[in-house]
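Enquirer: One structure coming up, written as structure tokens, with questions to follow.
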Amino acid sequence: MQFNDEVRQARSDGHAVVALESTIIAHGFPRPDNRALADRLEEAVRDNGAVPATIAVIGGRVCVGLTPGQLDLIADRDDIEKCSLRDLAAVCAQGGHGATTVSATARLAAAAGIKVFATGGIGGVHPGAGESFDVSADLIELGKTSVAVVCAGAKSILDLPATLEVLETYGVPVVGYRCDEFPAFHSRSSGLALRHSGQTPDDLAAIIRAHAGLGLDSGVLICNPPPESVAMPRPELDALVADALRAARADGIQGAALTPYLLAKLNDLSGGRTRVINRALAESNAALGARIAAALSNMN
Ligand code: PSU
Ligand code: MN
22 MQFNDEVRQA RSDGHAVVAL ESTIIAHGFP RPDNRALADR LEEAVRDNGA VPATIAVIGG
82 RVCVGLTPGQ LDLIADRDDI EKCSLRDLAA VCAQGGHGAT TVSATARLAA AAGIKVFATG
142 GIGGVHPGAG ESFDVSADLI ELGKTSVAVV CAGAKSILDL PATLEVLETY GVPVVGYRCD
202 EFPAFHSRSS GLALRHSGQT PDDLAAIIRA HAGLGLDSGV LICNPPPESV AMPRPELDAL
262 VADALRAARA DGIQGAALTP YLLAKLNDLS GGRTRVINRA LAESNAALGA RIAAALSNMN
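The opening position of the sequence shown corresponds to residue 22 in the working numbering, with each subsequent residue numbered one higher.
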């Protein structure tokens, strides 16, 4: 595991650190917007009192905190593997480059002692999973790794009730930030009630701290709805998602390619609106993650 200077310094000073994933850069956004997004996410963390640690595999090494050149590489090259947990060993052994998903980033962040990780939206149960068994490794990872993941819920392309059921099965607390519904990534509302919420970063940090204090070793999912100024009303979103899912079936898309395909298709169908939402919510999550991490380090 390799750290950049900023993260190494933060670790020795005991400064708050927030992990960021790299799949959103390599596979979630097109060039050249993706490189700008990587910088904006890191800036949002710094502006809110913590140090960003974007995580990726570069030349077979796990890097926690990337240099500007390493961010360029992840954003610009065509041979960046989408690295879920199952892919990490092969990409490392073969000296490859990999962008880490939520599951892989969460595991590596925890291994580096980082307690808060911000992303856009987690993966979850895909519609039709009863037949396809397509349940994101993100959920299983949240069930066993002690890290707080800040997200805008699960992506709207997923079966959200089933996603919440799986999180419940694994004992993962799902906590709203100033909301009482599970957000649907592009939309603030899913119609699915959350049992717990907090009004301030301190409230959320207290829940994360209590979870660890009880010896509960799963993750905690913090749900921050997408900013009101950009979020899409649910009926409109539902219609777009139905069209995107139909297109994926017609094109025979499956497995790791499905999520990037659906996100790109939704963006086309919405005339570019979903990517505006995705960018805004990812920045908002990075900012909230930093405030929670700062609150946690003040408590300790
Ligand atoms: N959030 C975004 N854009 C993304 C992703 C999340 O705003 O591209 C990525 C995350 O890395 C997440 C992955 O872990 O999509 C889920 O993929 P899958 O459904 O194949 O597990
Ligand atoms: Mn999958």
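For each residue, glycine too, the CB sits at the ideal point set by N, CA and C.
Owing to the predicted nature of the structure, the values given are computational and were not obtained by experimental measurement.
Assuming Lys-136 and Ala-169 are in contact, meaning their beta carbons sit under 8 Å apart, how far apart are those beta carbons, in whole angstroms?
Expert: Translated into the one-based positions of the sequence shown, residue 136 becomes position 115. Translated into the one-based positions of the sequence shown, residue 169 becomes position 148. Contact flag correct, Cβ pair sits at about 6 Å.
Enquirer: So who's on the other strand from Phe-24, going by DSSP bridges?
Expert: For the purposes of this step, residue 24 is taken as residue 3 along the sequence shown, with counting starting at 1. According to DSSP, Phe-24 bridges with Val-85.
Enquirer: Starting from Ile-79, trace the beta strand (DSSP E) both ways and give me its first and last residue.
Expert: Here residue 79 is taken as the residue at index 58 of the sequence shown, counted from 1. First-last of the beta strand (DSSP E) with Ile-79: 72-79.
Enquirer: Between Arg-309 and Arg-98, what straight-line distance do the alpha-carbon atoms span, to the nearest angstrom?
Expert: Residue numbering aside, residue 309 sits at position 288 when the sequence shown is read from its first letter. Residue numbering aside, residue 98 sits at position 77 when the sequence shown is read from its first letter. In the sequence on display, residue 309 carries Leu and not Arg. When rounded, the distance between both Cα atoms is 30 Å.
Enquirer: Given a threshold of 16 other Cβ atoms within 10 Å of its Cβ, counted over all protein chains shown, does Gln-115 qualify as buried or as exposed?
Expert: Within the sequence shown, numbered from 1, the residue matching residue 115 stands at position 94. Classification for Gln-115: exposed.
Enquirer: When you compare only the Cα positions, how much space is there between Ala-37 and Pro-182?
Expert: Residue mapping note: residue 37 aligns to position 16 of the sequence shown, counting from 1. Residue mapping note: residue 182 aligns to position 161 of the sequence shown, counting from 1. Whole-angstrom Cα-Cα distance: 34 Å.
Enquirer: Quick one: complete beta strand (DSSP E) runs, 3+ long, within the segment 221-283?
Expert: 241-244
Enquirer: Three-state secondary structure (DSSP) at Ser-208?
Expert: The residue labelled residue 208 in the question sits at position 187 within the sequence shown. Of the three classes helix, strand and coil, the one that applies to Ser-208 here is strand, per DSSP.
Enquirer: On a CA-only basis, which of Arg-199, Ala-150 and Leu-129 is nearest Lys-165? Give me that one, please.
Expert: Translated into the one-based positions of the sequence shown, residue 165 becomes position 144. Ranking Arg-199, Ala-150 and Leu-129 by Cα distance to Lys-165 puts Leu-129 first.
Enquirer: Please go through the same chain and pick out, in chain order, the residues whose beta-carbon is closer than 6 Å to the beta-carbon of Asn-55, but skip the five residues on each side of it.
Expert: Against the sequence shown, residue 55 aligns to sequence position 34. Ile-46 and Ala-96, listed in sequence order.
Enquirer: Please state whether DSSP places Ala-133 in a helix, a strand or coil.
Expert: Here the question's residue 133 lines up with position 112 in the sequence shown. In the structure shown, Ala-133 sits in coil (DSSP, three-state: anything other than H, G, I, E or B).
Enquirer: Could you spell out where the alpha helix (DSSP H) holding Leu-58 opens and where it closes?
Expert: As a position in the sequence shown, residue 58 is number 37, starting the count at 1. Looking at the DSSP string, the run of the alpha helix (DSSP H) that includes Leu-58 is 54-68.
Enquirer: For Ser-177, is the beta carbon positioned less than 7 Å from some heavy atom of the ligand MN?
Expert: Indexing the sequence shown from 1 puts residue 177 at position 156. No - the ligand MN has no heavy atom lying nearer than 7 Å to the Cβ of Ser-177.
Enquirer: Whose C-alpha, out of Ala-316, Val-297, Ser-305 and Val-251, is nearest the C-alpha of Pro-51?
Expert: The count along the sequence shown starts at 1 and reaches residue 51 at position 30. Cα-wise, what sits closest to Pro-51 is Val-297.
Enquirer: Would you check if there are 3 or more beta carbon pairs closer than 8 Å linking the segment 185-204 to the segment 234-250?
Expert: yes
Enquirer: Per DSSP, which one or two residues make a beta bridge with Cys-104?
Expert: Counting from 1 along the sequence shown, the entry for residue 104 is found at position 83. Cys-104 pairs with Thr-121.
Enquirer: May I ask you to check if the CB of Ala-277 is nearer than 7 Å to at least one heavy atom of the ligand PSU?
Expert: Looking up residue 277 in the sequence shown gives position 256. Correct: Ala-277 has its Cβ closer than 7 Å to the ligand PSU.
Enquirer: Where does Ser-318 sit, in a helix, a strand or coil, going by DSSP?
Expert: Within the sequence shown, the letter at position 297 stands for residue 318. The answer is helix: DSSP assigns Ser-318 an H, G or I state.
Enquirer: Between Ala-71 and the rest of its own chain, which residues show a CB-CB distance below 7 Å, the 5 nearest in sequence each way excluded?
Expert: The residue given as residue 71 occupies position 50 in the sequence shown. Same-chain partners within the cutoff: Ala-37, Val-38, Val-39, Ala-311, Ala-314 and Ala-315.
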